[in-house]
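Each protein sequence line maps, in turn, to chains A and B. Using my numbering, you'd call the opening residue of the first sequence number 168 and step up by one each time. Using my numbering, you'd call the opening residue of the second sequence number 168 and step up by one each time. Below: one structure, written as structure tokens.
There are 2 protein chains.
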Amino acid sequence: MSLTDRTGLTKSDIETGDRLAPKFDADGLLPAVTTDADTGEVLMVAYMNAEALEKTLETGEAHYWSRSRGELWHKGATSGQVQIVKELRIDCDQDAVVLRVRPQGDGGCCHVGFRTCFFRKADKDGTLTTDQERL
Amino acid sequence: MSLTDRTGLTKSDIETGDRLAPKFDADGLLPAVTTDADTGEVLMVAYMNAEALEKTLETGEAHYWSRSRGELWHKGATSGQVQIVKELRIDCDQDAVVLRVRPQGDGGCCHVGFRTCFFRKADKDGTLTTDQERL
């Protein structure tokens, strides 16, 4: 068990302390931002519950909570796109994490076939432009 | 108005189309991951409602929805830590955005006094280590 119960912790304990005491939302989730450990690029945003966060720390491979399937999601278990976690970081109020990962398999992470889920940029008028290549 | 109503759009329109048609959650929000446009580093994770997203596109400065204050939040309006948006990207299912920004003022973004909100990394056992300097 690597997570600390926030009950009884002060604001200072949470914001600058040395214990991982994450704040999950009403659904028991927090957002996880997954970045490429080498390039820093944001690959995807997903969600973790306590179990997913603990499994990620224990195994060194990214686990999320699939909101659509309602189950623990070991990323890459079927696609081969396992994410080896080089570093896990948490923010000041401990309600979001950043994973720095090395994607395995074909190096992708997005079900549409791109290397990242953020393959489109938005112009001021709401036009989207795809500026990445499919894998 | 730069946002497109998702009603009537197909999965393909949303996932690979050229219209910004974001999916907001039950609270009318989506997560925004803010990164440094030059280094790629993740600075913060906040939330946007439709108004915040439109204001961000229109003005070129990051606007969020403050969940704690329950109001539109023009980042830096009081702190000077305005974020000039160089690029806004959206993911495949259009329920998360990435901003690439140039932070103004003292170059920080975190209320605790660090350049990024993710100034601590977590070890396997849940120990947090601060590895950034305060501004």
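No residue lacks a Cβ here, since even glycine has one placed at the ideal position from N, Cα and C. It should be emphasised that the depicted structure is a prediction, and the values quoted were computed from it without experimental measurement.
Does any CB atom of chain B fall closer than 8 angstroms to the CB of A:Phe191? Indexing the first sequence from 1 puts residue 191 of chain A at position 24. Judged by the 8 angstroms Cβ criterion, A:Phe191 is not in contact with chain B.
Got a sec? Which residues, its chain only, sit under 8 angstroms from B:Trp240 by beta carbon, not counting five neighbours each side? Locating residue 240 of chain B in the second sequence gives position 73, counting from the first residue. The residues are Ala213, Ala219, His230, Tyr231, Trp232 and Ser233.
So which of B:Gln271, B:Gly184 and B:Arg236 has the shortest CA-CA distance to B:Ile251? Position 84 of the second sequence holds residue 251 of chain B. Checking every option, the nearest Cα to that of B:Ile251 belongs to B:Gln271.
Below 9 angstroms on C-beta distance, what does B:Thr177 contact in chain A? Translated into the one-based positions of the second sequence, residue 177 of chain B becomes position 10. By Cβ distance, chain A contributes nothing, its closest Cβ being about 14 angstroms from B:Thr177, past 9 angstroms.
Taking the C-alpha atoms as reference points, what is the distance between B:Val200 and A:Gly247? For the purposes of this step, residue 200 of chain B is identified with residue 33 of the second sequence, where counting begins at 1. For the purposes of this step, residue 247 of chain A is identified with residue 80 of the first sequence, where counting begins at 1. The straight-line gap from Cα to Cα measures roughly 26 angstroms.
State the start and end residues of the unbroken alpha helix (DSSP H) segment that holds B:Ser169. Indexing the second sequence from 1 puts residue 169 of chain B at position 2. First-last for B:Ser169: undefined, no H or E at that position.
List the endpoints of the continuous alpha helix (DSSP H) containing A:Asp203. Reading the first sequence from its first residue, position 36 is the one you call residue 203 of chain A. In the DSSP assignment, A:Asp203 falls outside any alpha helix (DSSP H) and within the unbroken beta strand (DSSP E) covering Leu197 to Asp203.
State the start and end residues of the unbroken beta strand (DSSP E) segment that holds A:Lys222. By one-based count along the first sequence, residue 222 of chain A stands at place 55. Unbroken run through A:Lys222 is the alpha helix (DSSP H), Ala217 to Thr226; no beta strand (DSSP E).
Can you tell me the Cβ-Cβ gap for A:His278 and B:Cys284, rounded? I've got them flagged as a contact below 8 angstroms. Counted from its first residue, the first sequence places residue 278 of chain A at position 111. Counted from its first residue, the second sequence places residue 284 of chain B at position 117. Actually they are not in contact, since the Cβ atoms of A:His278 and B:Cys284 sit about 29 angstroms apart, beyond 8 angstroms.
Are the C-beta atoms of B:Arg256 and some chain A residue less than 8 angstroms apart? Translated into the one-based positions of the second sequence, residue 256 of chain B becomes position 89. It does; some Cβ of chain A falls within 8 angstroms.
Comparing C-alpha positions only, which one of A:Arg236, A:Ala263, A:Thr294 and A:Arg267 sits nearest to B:Arg256? Locating residue 256 of chain B in the second sequence gives position 89, where the first residue counts as 1. For the options A:Arg236, A:Ala263, A:Thr294 and A:Arg267, the alpha carbon positioned closest to that of B:Arg256 is the one of A:Thr294.
What do you get for B:Leu187, buried or exposed, if any count of 16 or more other CB atoms within 10 angstroms of its CB means buried? As a working mapping, residue 187 of chain B is identified with position 20 in the second sequence. Residue burial annotation: B:Leu187 is buried, with at least 16 other C-beta atoms found within 10 angstroms of its C-beta.
Go through its chain and collect everything with a Cβ distance to A:Ser169's Cβ below 7 angstroms, but skip five positions before and after it. Here the question's residue 169 of chain A lines up with position 2 in the first sequence. Contacts found: Leu187, Glu221 and Leu224.
For B:Arg173, collect the residues of the same chain with a Cβ closer than 6 angstroms to its Cβ; drop the 5 residues on either side in sequence, then sort them by chain order. The residue given as residue 173 of chain B occupies position 6 in the second sequence. Same-chain partners within the cutoff: Ala188.
Alpha-carbon spacing of A:Val268 relative to A:Arg282, whole angstroms: Sequence index remark: in the first sequence, residue 268 of chain A carries index 101 (1-based). Sequence index remark: in the first sequence, residue 282 of chain A carries index 115 (1-based). The alpha-carbon separation between A:Val268 and A:Arg282 amounts to approximately 13 angstroms.
Provide the residue span of the beta strand (DSSP E) that contains B:Lys190, from first to last. Sequence index remark: in the second sequence, residue 190 of chain B carries index 23 (1-based). From DSSP, B:Lys190 is part of no beta strand (DSSP E); its letter is neither H nor E.
Listed in chain order, which residues of the segment 259 to 273 of chain B have Cβ atoms closer than 7 angstroms to some Cβ of chain A? Near chain A, meaning a CB-to-CB distance below 7 angstroms, the residues of the segment 259 to 273 of chain B are Cys259, Ala263 and Val265.
Give the range of the alpha helix (DSSP H) segment to which A:Glu182 is assigned. The sequence position of residue 182 of chain A within the first sequence is 15, counting from 1. A:Glu182 -> alpha helix (DSSP H) spans Lys178 to Thr183.
Beta bridge counterpart(s) of A:His241 as assigned by DSSP: As a position in the first sequence, residue 241 of chain A is number 74, starting the count at 1. Looking at the DSSP output, A:His241 sits in a beta bridge with A:His230.
So what does DSSP say about B:Gln299, is it helix, strand or coil? If you number the second sequence from 1, residue 299 of chain B lands on position 132. Here B:Gln299 carries a coil assignment [DSSP, helix/strand/coil].
Assuming A:Thr202 and A:Leu266 form a contact by the criterion Cβ under 8 angstroms, report the distance between their Cβ atoms to the nearest whole angstrom. Against the first sequence, residue 202 of chain A aligns to sequence position 35. Against the first sequence, residue 266 of chain A aligns to sequence position 99. Contact holds; Cβ gap of about 7 angstroms.
Identify every residue that forms a DSSP beta bridge with A:Arg267. Within the first sequence, numbered from 1, the residue matching residue 267 of chain A stands at position 100. Looking at the DSSP output, A:Arg267 sits in a beta bridge with A:Thr202 and A:Glu254.
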